[in-house]
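K.L.:
FYI, the numbering for the sequence shown is 1 to 324, going by UniProt numbering.
Pasting in a structure now, in structure tokens, and then I'll have a few things to ask.
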Amino acid sequence: MTAFSHYRGALDILQPAKNPIFILLQSVDADALGSAMALIFALEQDKVKSTIFCVSPIPTFLTFLLNGREIHNDISKIELTDHDLVVVTDAGSIYRTGIQLELEGYMENGGQLLNIDHHHIHEPFGTINLIDATASATAVLVYDLLKLGGWTISANIATAILVGIIADTDNFSNAGTTIRALTIAAECYARGAETRQVWRGLYRHQPLGALQLWGLIFSRLQRNERWGIVATVILQEDFARHGLSDEALDGLANFLSSLADVNATMVLTELPDHQIKGSLRTTKDNIDVSKLAAWLGGGGHKKAAGFTVSGRLAHSERGGWQIE
């Protein structure tokens, strides 16, 4: 567990906050949103109302976590200096917030930023950083923080925490699953977590078109025999053809990681702004995909990592795909 002093430092700026703003990462995932909402619900026990900002839309299958809270997505309409604390959860790097310059300017002017994460972060970017790369999910750190801070683990907090843990352990099936995560999950069940809602949100939300899109993606799978890596690609036109957004890809990278006799898998997805997002997965104990992700400007965990590079996907002369 992370040193007690790190939790104490986080509480020292979180508990006095009267007007905090939570900054979600772009393409926010279940652990990032669940961790943020658990903190927001806890602060509401103290009659503190938080502002929530995300540059991209919240995936529809996760909106149940918001309980009707408003999401702001235009940073030009937000004055960060009006807020006495910025909180960022599970971002991996400040770049993934989409408002790096604004956050750096906020801190340069004396603003406090609490960064809570379970990713390997080469350059922690908060004024206070609560980071533990051995934790199964950022939600685990948030749970411990709330317990140390004396907040009640209500049913809505328990639901938010459980979402983060289940998502990042792939339903308690991957190598990130720990006794601590299982213990906290059991506590969340006991505290009234909406388990049916969690299951529907995480695992029962895909339309028929999403499975048809997956079929196309599977048809593009190629194996690099030298490195034992299986890769596939998703083009922007694929989403348009099926009338879907990138929400349809939820769970794809983890599903591919179940392939036998491969060292790692890689999924390359075209983004609208001439960027390409890469998702890396492995189940091998002797392979660290986060090193490749870091070399490409990204990051993550030993067995699950990602990166973003500029370019578009195009057919290569060898019949595969390349980034141009």
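Just so you know, even glycine gets a beta-carbon here, dropped at the ideal spot from N, CA and C.
These numbers were taken from a predicted model, which means no experiment stands behind them.
If you count every other CB in all the chains shown that lies within 10 Å of the CB of Lys214, and 16 or more means buried, which is it?
P.N.:
Looking up residue 214 in the sequence shown gives position 214. The residue asked about is misnamed: residue 214 is Trp in this sequence, not Lys. It counts as buried.
K.L.:
I want to know whether the segment 94-111 touches the segment 271-288 - three or more CB-CB distances under 8 Å.
P.N.:
No, the segment 94-111 does not touch the segment 271-288.
K.L.:
Short check: CB of Ser219 to CB of Gln275, under 7 Å?
P.N.:
As a position in the sequence shown, residue 219 is number 219, starting the count at 1. As a position in the sequence shown, residue 275 is number 275, starting the count at 1. It is not a contact, given that the beta carbons lie outside the stated cut-off.
K.L.:
Taking C-alpha atoms, which residue in Phe4, Gly320, Asp31, Ile21 lies nearest to Arg223?
P.N.:
What you label residue 223 is simply residue 223 of the sequence shown in a count that begins at 1. It is Gly320.
K.L.:
Between which two residues does the alpha helix (DSSP H) containing Arg8 stretch?
P.N.:
Taking the first residue of the sequence shown as 1, we reach residue 8 at position 8. Per DSSP, Arg8 belongs to the alpha helix (DSSP H) from 4-14.
K.L.:
Please state the DSSP three-state secondary structure of Val198.
P.N.:
Working through the sequence shown from its first residue, we reach residue 198 at position 198. Correct three-state label for Val198: helix.
K.L.:
Please tell me whether Leu113 and Thr134 are closer than 7 Å, where the distance is taken between their beta carbons.
P.N.:
Locating residue 113 in the sequence shown gives position 113, where the first residue counts as 1. Locating residue 134 in the sequence shown gives position 134, where the first residue counts as 1. No; because the gap between Cβ atoms is not below 7 Å, this pair is not in contact.
K.L.:
Can Phe41 and Asn156 be called in contact, C-beta distance under 7 Å?
P.N.:
The count along the sequence shown starts at 1 and reaches residue 41 at position 41. The count along the sequence shown starts at 1 and reaches residue 156 at position 156. Cβ distance < 7 Å, so Phe41 and Asn156 count as in contact.
K.L.:
Of the choices Leu216, Gly201, Gly149, Ala305, whose alpha-carbon is the least far from that of Gly164?
P.N.:
As a working mapping, residue 164 is identified with position 164 in the sequence shown. Checked all of Leu216, Gly201, Gly149, Ala305; the closest Cα to Gly164 is Gly201.
K.L.:
Quick one: grab the DSSP three-state call for His242.
P.N.:
The sequence position of residue 242 within the sequence shown is 242, counting from 1. Looking at His242 - three-state DSSP - the assignment turns out to be helix.
K.L.:
Between which two residues does the alpha helix (DSSP H) harbouring Ala160 extend?
P.N.:
For the purposes of this step, residue 160 is taken as residue 160 along the sequence shown, with counting starting at 1. That run of the alpha helix (DSSP H) goes 155-168.
K.L.:
Measure the C-alpha to C-alpha separation of Ile13 and Ser290 and round it to an integer number of angstroms.
P.N.:
Sequence index remark: in the sequence shown, residue 13 carries index 13 (1-based). Sequence index remark: in the sequence shown, residue 290 carries index 290 (1-based). Distance between the alpha carbons of Ile13 and Ser290 is about 31 Å.
K.L.:
Considering only residues of the same chain and omitting the five flanking positions on each side of Gly9, which have a CB-CB separation below 7 Å?
P.N.:
Residue numbering aside, residue 9 sits at position 9 when the sequence shown is read from its first letter. For Gly9, where only same-chain residues beyond five positions count, the Cβ hits under 7 Å are Ile128.
K.L.:
When the Cβ atoms of the segment 29-46 are set against those of the segment 172-183, are three or more pairs found closer than 8 Å?
P.N.:
No, the segment 29-46 is not in contact with the segment 172-183.
K.L.:
Just to check my reading of the structure: Val88 and Thr97 have Cβ atoms closer than 8 Å, yes? What is that Cβ distance to the nearest angstrom?
P.N.:
Position 88 of the sequence shown holds residue 88. Position 97 of the sequence shown holds residue 97. Confirmed, about 6 Å.
K.L.:
I think Leu25 touches Ala91, with their Cβ atoms under 8 Å apart; what is that distance to the nearest whole Å?
P.N.:
Here residue 25 refers to the residue found at position 25 when the sequence shown is read from its first residue. Here residue 91 refers to the residue found at position 91 when the sequence shown is read from its first residue. At roughly 4 Å, the Cβ-Cβ gap stays under 8 Å, so Leu25 and Ala91 are in contact.
K.L.:
Specify, as a first and last residue, the run of the alpha helix (DSSP H) that Asn254 falls within.
P.N.:
As a working mapping, residue 254 is identified with position 254 in the sequence shown. Its alpha helix (DSSP H) spans residues 252-256.
K.L.:
Please state the DSSP three-state secondary structure of Thr138.
P.N.:
By one-based count along the sequence shown, residue 138 stands at place 138. Three-state result, Thr138: helix.
K.L.:
State the Cα-Cα distance for the pair Phe53 and Arg318, rounded to the nearest angstrom.
P.N.:
Working through the sequence shown from its first residue, we reach residue 53 at position 53. Working through the sequence shown from its first residue, we reach residue 318 at position 318. Their backbone Cα atoms lie some 44 Å apart in a straight line.
K.L.:
I believe Val140 touches Arg191 by the beta-carbon criterion, under 8 Å. Please report the beta-carbon distance rounded to the nearest angstrom.
P.N.:
Here residue 140 corresponds to residue number 140 of the sequence shown, with the count starting at 1. Here residue 191 corresponds to residue number 191 of the sequence shown, with the count starting at 1. Contact flag wrong, Cβ pair sits at about 15 Å.
K.L.:
In terms of residue numbering, what span does the alpha helix (DSSP H) encompassing Phe218 cover?
P.N.:
In the sequence shown, counting from the first residue as 1, residue 218 sits at position 218. Start and end: 208-219.
K.L.:
Between the C-alpha atoms of Val233 and Arg241, what's the straight-line distance to the nearest angstrom?
P.N.:
Reading the sequence shown from its first residue, position 233 is the one you call residue 233. Reading the sequence shown from its first residue, position 241 is the one you call residue 241. For Val233 and Arg241, the distance between alpha carbons rounds to 15 Å.
K.L.:
Taking 7 Å as the threshold (C-beta atoms), are Ala137 and Asp31 in contact?
P.N.:
Taking the sequence shown and counting its residues from 1, the one referred to as residue 31 is at position 31. Taking the sequence shown and counting its residues from 1, the one referred to as residue 137 is at position 137. Yes, Cβ-Cβ distance for Asp31 and Ala137 is below 7 Å.
K.L.:
Could you give the distance in angstroms between the alpha-carbon of Tyr106 and the alpha-carbon of Asp261?
P.N.:
The sequence position of residue 106 within the sequence shown is 106, counting from 1. The sequence position of residue 261 within the sequence shown is 261, counting from 1. The alpha-carbon atoms of Tyr106 and Asp261 are separated by roughly 48 Å.
K.L.:
Compare the C-alpha of Pro272 against each of Leu43, Ala253, Lys49, Thr308 and name the closest.
P.N.:
On the sequence shown, residue 272 is found 272 positions in, with the first residue counted as 1. The residue with the shortest Cα to Cα distance from Pro272 is Thr308.
K.L.:
Quick check: Phe64 and Gln197, are their CB atoms within less than 7 Å of each other?
P.N.:
Here residue 64 corresponds to residue number 64 of the sequence shown, with the count starting at 1. Here residue 197 corresponds to residue number 197 of the sequence shown, with the count starting at 1. Yes, Cβ-Cβ distance for Phe64 and Gln197 is below 7 Å.
K.L.:
List the whole-angstrom C-beta distance separating His72 from Pro20, where the pair is believed to meet the contact cut-off of C-beta under 8 Å.
P.N.:
Translated into positions along the sequence shown, residue 72 becomes position 72. Translated into positions along the sequence shown, residue 20 becomes position 20. The Cβ separation is near 13 Å, so there is no contact.
K.L.:
Under 8 Å by Cβ, that's how I've got Ser93 and Ile121 pegged, so tell me the actual separation to the nearest angstrom.
P.N.:
Your numbering for residue 93 matches position 93 in the sequence shown. Your numbering for residue 121 matches position 121 in the sequence shown. That pair is a contact at about 7 Å.
K.L.:
Fully enclosed by the UniProt domain "DDH" (26-165), which alpha helix (DSSP H) runs are 4 residues long or longer?
P.N.:
With a minimum length of 4 residues, the continuous alpha helix (DSSP H) runs that stay inside the UniProt domain "DDH" (26-165) are 30-44, 100-108, 138-149.
K.L.:
For Met1 and Tyr95, I'd like the C-alpha separation in whole angstroms.
P.N.:
Mapped onto the sequence shown, residue 1 falls at position 1. Mapped onto the sequence shown, residue 95 falls at position 95. Since pLDDT at Met1 reaches only 49, below the 50 mark, its modelled position is unreliable, and no value is offered.
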